[in-house]
Amino acid sequence: MPDAGETAILTEGLRKSYGQVLALDGVDLAIAHGTVFGLLGPNGAGKTTCVRILTTLLEPDGGRAEVVGLDVVRDAAVLRTRIGLAGQYAAVDENLTGVENLEMIGRLYHLTRVGARARARELLELFELTEAGERIAKTYSGGMRRRLDLAGALVARPPVLFLDEPTTGLDPRSRQGMWRLIDDLVEEGTTVLLTTQYLEEADQLADQIAVIDQGRVIAEGTSDELKDSYGRERVEVVLGETADRAVALRALAAMSSGAPECEGRTVRVPIRPRPGILAEAVRRLDEAGVELEDLELHRPTLDDVFLSLTGHAAEEREEEEQASGASAG
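Anchor point for the sequence shown: position 260 equals 273 in the numbering used here, and the numbering is continuous, going up by one each time.
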């Protein structure tokens with residue numbers, strides 16, 4: 014865990030309930046400066062509740078949290094000037110132009126009129142929106158609105174940025190563009206806390222990942238550490254159309270670290286990594302007279318980790334309900 018001087022975001026025993034629903038049940042996090050921290054979990058696990066507390070939109074029921082050394086409750090007013098927040102729904106005024114949206118935010122941060130205009134132009138260029146800057150936001154595509162929203166979160170040059178499902182609904186090209194922008198921000202020293210439904214996004218961006226479920230952190234580490242600890246490497250064999258599945262399962266069982274599984278003509282064999290594993294599978298099937306059509310070595314992914322930890326694969330994230338008590342966030 015980073016030293017206090019290196020920690021941009023710190024939570025200790027963070028708790029929050031909505032009526033009878035326990036959203037956060039003692040969450041401990043320590044996020045280093047200048048890194049991307051990925052917060053993963055099923056719908057209703059507590060991810061958005063955690064972000065809302067850290068961005069001063071909710072007060073915790075117990076525990077404490079600090080961002081850049083400022084208490085999220087006691088120092089809330091000051092903290093709001095040091096953080097940026099962008100969510101899955103772009104918070105832009107559709108009746109204003111791109112420039113006017115960013116100028117308005119700059120004025121709210123007490124920039125001068127000239128300073129707000131200059132910062133708006135700078136961000137429009139950074140986010141490749143210069144040509145669209147004079148158009149009203151309602152004419153923007155979804156990806157353009159998302160980029161404008163992220164630009165708005167950066168007007169005050171915050172050292173910490175919270176991104177709650179920032180690429181939900183974007184096409185692959187727009188998502189890749191957003192990833193590049195986040196990488197650039199971190200290279201310049203920004204700390205990013207990212208919640209996402211896309212496991213490949215966390216794999217691509219996050220230096221550290223925490224998996225949260227039922228309001229508790231159930232695993233934490235780098236992507237590779239989580240895969241090594243909770244994912245299982247396996248050999249996947251596609252049998253020939255006339256192959257005997259029972260014979261194939263018996264032939265492969267001796268090389269398996271667990272019970273092989275068969276689905277249709279595909280046999281999945283969990284293994285402990287070692288050289289020559291594919292050649293061994295081919296040899297065993299050949300000796301048993303089993304025809305195979307294809308085989309490959311499947312290395313664990315974050316989706317495997319998610320499945321192992323939560324009992325199901327990552328799902329499309331539904332809109333989380335507000336703090337009315339119906340959902341833990």
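The C-beta atom is built at its ideal place from N, Cα and C for all residues, glycine as well.
**Request:** Please state whether DSSP places VAL295 in a helix, a strand or coil.
**Result:** In the sequence shown, the residue the question calls residue 295 occupies position 282. Here VAL295 sits in helix by DSSP.
**Prompt:** What first and last residue would you give for the alpha helix (DSSP H) that runs through ASP74?
**Reply:** Indexing the sequence shown from 1 puts residue 74 at position 61. No alpha helix (DSSP H) holds ASP74; DSSP gives it neither H nor E.
**Prompt:** Which of the three DSSP states, helix, strand or coil, is assigned to ILE290?
**Reply:** In the sequence shown, the residue the question calls residue 290 occupies position 277. Three-state result, ILE290: helix.
**Request:** Using 10 angstroms around the beta-carbon of GLU333, count the other beta-carbons present and answer buried if the total reaches 16, otherwise exposed.
**Result:** Mapped onto the sequence shown, residue 333 falls at position 320. With a pLDDT of only 39 at GLU333, under the threshold of 50, the placement of this residue in the model should not be trusted, and no figure is reported.
**Prompt:** Which runs of the beta strand (DSSP E) fall wholly inside the segment 242-274 and span at least 3 residues, in chain order?
**Reply:** 247-252
**Item:** Those runs of the alpha helix (DSSP H) which lie wholly inside the segment 80-167 and span at least 4 residues
**Value:** 89-92, 111-121, 126-139, 155-166
**Request:** Could you please give the first and the last residue of the uninterrupted alpha helix (DSSP H) stretch that includes ALA215?
**Result:** As a working mapping, residue 215 is identified with position 202 in the sequence shown. Segment 212-218, the alpha helix (DSSP H) holding ALA215.
**7 Å CB neighbourhood of ALA266 in its chain, flanking five on each side removed** = The residue labelled residue 266 in the question sits at position 253 within the sequence shown. Within the same chain, ALA266 has close Cβ partners PRO273.
**Request:** Classify VAL127 as buried or exposed, calling it buried when 16 or more other Cβ atoms lie within 10 Å of its own Cβ.
**Result:** Your numbering for residue 127 matches position 114 in the sequence shown. That one is exposed.
**Asked** When you compare only the Cα positions, how much space is there between ALA336 and VAL303?
**Response** Looking up residue 336 in the sequence shown gives position 323. Looking up residue 303 in the sequence shown gives position 290. Summary for ALA336: the model assigns pLDDT 40, below 50, so the residue's position carries little reliability, and this model does not support an answer.
**Message:** Taking the alpha helix (DSSP H) that PRO185 belongs to, which residues open and close that run?
**Reply:** Mapped onto the sequence shown, residue 185 falls at position 172. It spans 185-200 - the alpha helix (DSSP H) in which PRO185 sits, taken as one unbroken run.
**Whole-angstrom distance between GLU147 and VAL168, CA atom to CA atom** = Locating residue 168 in the sequence shown gives position 155, where the first residue counts as 1. Locating residue 147 in the sequence shown gives position 134, where the first residue counts as 1. Distance between the alpha carbons of VAL168 and GLU147: 18 Å.
**Request:** Look at the alpha carbon of GLY165 and the alpha carbon of ASP216, and state the distance between them as a whole number of angstroms.
**Result:** Here residue 165 corresponds to residue number 152 of the sequence shown, with the count starting at 1. Here residue 216 corresponds to residue number 203 of the sequence shown, with the count starting at 1. When rounded, the distance between both Cα atoms is 26 Å.
**Prompt:** Are the segment 45-57 and the segment 220-234 touching by the rule of at least three beta carbon pairs closer than 8 Å?
**Reply:** yes
**Item:** Residues bridged to GLY51 (per DSSP)
**Value:** Within the sequence shown, numbered from 1, the residue matching residue 51 stands at position 38. In DSSP, GLY51 forms a bridge with LEU207, ILE222.
**Where the beta strand (DSSP E) through ARG65 begins and ends** = In the sequence shown, counting from the first residue as 1, residue 65 sits at position 52. Careful: ARG65 lies outside any beta strand (DSSP E), inside the alpha helix (DSSP H) at 60-67.
**Prompt:** How would you call ARG160, buried or exposed, if buried means at least 16 neighbouring beta carbons within 10 angstroms?
**Reply:** Position 147 of the sequence shown, counted from the start, is the residue given in the question as residue 160. Buried is the call here.
**Item:** C-alpha gap between ALA129 and ALA43, whole angstroms
**Value:** Residue mapping note: residue 129 aligns to position 116 of the sequence shown, counting from 1. Residue mapping note: residue 43 aligns to position 30 of the sequence shown, counting from 1. When rounded, the distance between both Cα atoms is 34 Å.
**Item:** According to DSSP, residues forming a beta bridge with SER30
**Value:** In the sequence shown, counting from the first residue as 1, residue 30 sits at position 17. Answer is LEU35, bridged to SER30.
**Asked** Is the beta carbon of ARG285 sitting closer than 7 Å to the one on SER270?
**Response** Stepping through the sequence shown from its first residue, residue 285 is reached at position 272. Stepping through the sequence shown from its first residue, residue 270 is reached at position 257. Result yes, Cβ atoms of ARG285 and SER270 sit closer than 7 Å.
**Item:** Residue of THR68, TYR31, ASN56 minimising C-alpha distance to LEU206
**Value:** Start at 1 with the first residue of the sequence shown, and residue 206 comes out as number 193. Out of THR68, TYR31, ASN56, THR68 has the C-alpha closest to the C-alpha of LEU206.
**Asked** Just the Cα atoms here: how many angstroms apart are HIS123 and THR204?
**Response** Within the sequence shown, numbered from 1, the residue matching residue 123 stands at position 110. Within the sequence shown, numbered from 1, the residue matching residue 204 stands at position 191. For HIS123 and THR204, the distance between alpha carbons rounds to 23 Å.
**Asked** Going straight from the alpha carbon of LEU183 to that of SER154, what length do you get?
**Response** Against the sequence shown, residue 183 aligns to sequence position 170. Against the sequence shown, residue 154 aligns to sequence position 141. Distance between the alpha carbons of LEU183 and SER154 is about 10 Å.
**Prompt:** Should SER242 go down as buried or exposed, given a rule of 16 or more other Cβ atoms within 10 Å for buried?
**Reply:** For the purposes of this step, residue 242 is taken as residue 229 along the sequence shown, with counting starting at 1. The residue is exposed, with fewer than 16 neighbouring Cβ atoms inside 10 Å.
**Message:** In this structure, how does DSSP classify THR389 when only helix, strand and coil are distinguished?
**Reply:** Given that the chain is displayed from residue 14 to residue 342, the structure contains no residue 389 and the question cannot be resolved.
**Prompt:** Between which two residues does the alpha helix (DSSP H) harbouring GLY315 extend?
**Reply:** Counted from its first residue, the sequence shown places residue 315 at position 302. The amino acid occupying residue 315 in the given sequence is Leu; Gly does not appear at that position. Start and end: 315-323.
**Message:** According to DSSP, THR344 sits in a beta bridge with which residue or residues?
**Reply:** In this structure the chain extends from 14 to 342, so residue 344 is not present and cannot be described.
**Request:** Could you tell me if ASN114 is buried or exposed, where buried requires 16 or more neighbouring beta carbons within 10 angstroms of its beta carbon?
**Result:** Counted from its first residue, the sequence shown places residue 114 at position 101. Classification of ASN114: buried, given that the 10 Å Cβ count is 16 or more.
**Prompt:** For PHE177, does the count of other Cβ atoms within 10 angstroms reach 16, so buried, or fall short, so exposed?
**Reply:** What you label residue 177 is simply residue 164 of the sequence shown in a count that begins at 1. Reading off the sequence shown, one finds Asp at residue 177, where the question assumed Phe. Classification for ASP177: buried.
**Request:** Check whether the Cβ atoms of ARG28 and GLY59 lie closer than 7 Å to each other.
**Result:** Here residue 28 refers to the residue found at position 15 when the sequence shown is read from its first residue. Here residue 59 refers to the residue found at position 46 when the sequence shown is read from its first residue. No. Outside cutoff.
**Prompt:** In whole angstroms, what separates the C-alpha of GLY289 from that of LEU239?
**Reply:** What you label residue 289 is simply residue 276 of the sequence shown in a count that begins at 1. What you label residue 239 is simply residue 226 of the sequence shown in a count that begins at 1. Going from the Cα of GLY289 to the Cα of LEU239 covers about 25 Å.
**Request:** Would you identify the three-state DSSP class for LEU42, choosing helix, strand or coil?
**Result:** In the sequence shown, the residue the question calls residue 42 occupies position 29. Strand.
**Request:** Buried or exposed for LEU121, please, with buried defined as at least 16 other CB atoms from any protein chain shown within 10 angstroms of its CB.
**Result:** Here residue 121 is taken as the residue at index 108 of the sequence shown, counted from 1. Burial call: exposed.
**Message:** Please list the terminal residues of the continuous beta strand (DSSP E) segment that includes ARG285.
**Reply:** Stepping through the sequence shown from its first residue, residue 285 is reached at position 272. Per DSSP, ARG285 belongs to no beta strand (DSSP E) and is neither H nor E.
**Prompt:** Is DSSP giving LEU70 helix, strand or coil here?
**Reply:** Within the sequence shown, the letter at position 57 stands for residue 70. Note: LEU70 maps to coil in three-state DSSP.
**Asked** So, VAL230 versus VAL40, is the Cβ gap smaller than 7 Å?
**Response** Here residue 230 is taken as the residue at index 217 of the sequence shown, counted from 1. Here residue 40 is taken as the residue at index 27 of the sequence shown, counted from 1. Yes, Cβ-Cβ distance for VAL230 and VAL40 is below 7 Å.
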